[in-house]
Amino acid sequence: FRPVGPTSSGAQPKKQRCVPTLEEKLAVLDLLRHSMSIANVARKYGRNEYSIHAIKIRETEIRQAVASSAPVTAKVTSQVRDKTLVKTEKALNLWLGDMNRKCVPINGNMLREKALSIYALFKPTAF
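The sequence shown begins at 61 in our numbering and counts up one residue at a time.
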C-alpha cells in the first residue's frame, strides 16, 4: 500500500488501528510481572498506558489462549459459542425485523418469550 496524504479537504486520513499479537501481549505481561510499571512498559512499546492496562486486565484470558495452543501470532482471543444460541439469535433477529415492518409494538417480555420458544425449537434433544 502506498502512503496516503491529506485529502482534498485538508483532513488527515484515518489512523490505522494497530492490534498487538498474543506474543507481544505475553511480553508485556512478563514485563509487568517483573515489577515494571505500566507507564514504563507503555513508553517502551510506544503505546498508550490504557492499552497496557487493558492487556493486564485480560491477563488470564491471554495466558489461557496461549496455553490452549493458540498460535502466538494471533491478534485476538475468541470464544467458541453454542451453535444453538447463534441460530436462535439469527431467527430472533428475523422475527424482530418482521414485527418492526408490520409496526407491531414489542416489549421486553414478548421478546424474552419469543427467544425462549425459538431456543426450544433449535435445542438438540438428548436421547
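Glycine residues also receive a C-beta, built at the ideal position from the N, C-alpha and C atoms.
Since the model is a prediction, treat every value here as computed from it, not as a measurement.
* To do: Report the rounded CA-to-CA distance for Thr120 versus Ala71, giving the unit in angstroms.
  => 40 Å
* Of all the options Thr185, Arg161, Glu83, Leu145, which has the alpha carbon lying nearest to the alpha carbon of Tyr179? -> Residue Leu145 is the option with its Cα nearest to Tyr179.
* To do: Take Asp90 and list the residues in its own chain whose beta-carbon comes closer than 7 Å to its own, dropping the five residues that flank it on each side.
  => none
* **Proximity of Val101 and Val88 at Cβ, strictly below 7 Å** => yes
* Roughly how many whole angstroms lie between the Cα atoms of Arg103 and Tyr110? -> 12 Å
* Using alpha carbons as the reference points, say which of Asn108, Lys147, Val164, Lys116 lies closest to Lys85. => Relative to Lys85, the option among Asn108, Lys147, Val164, Lys116 whose CA is nearest is Lys116.
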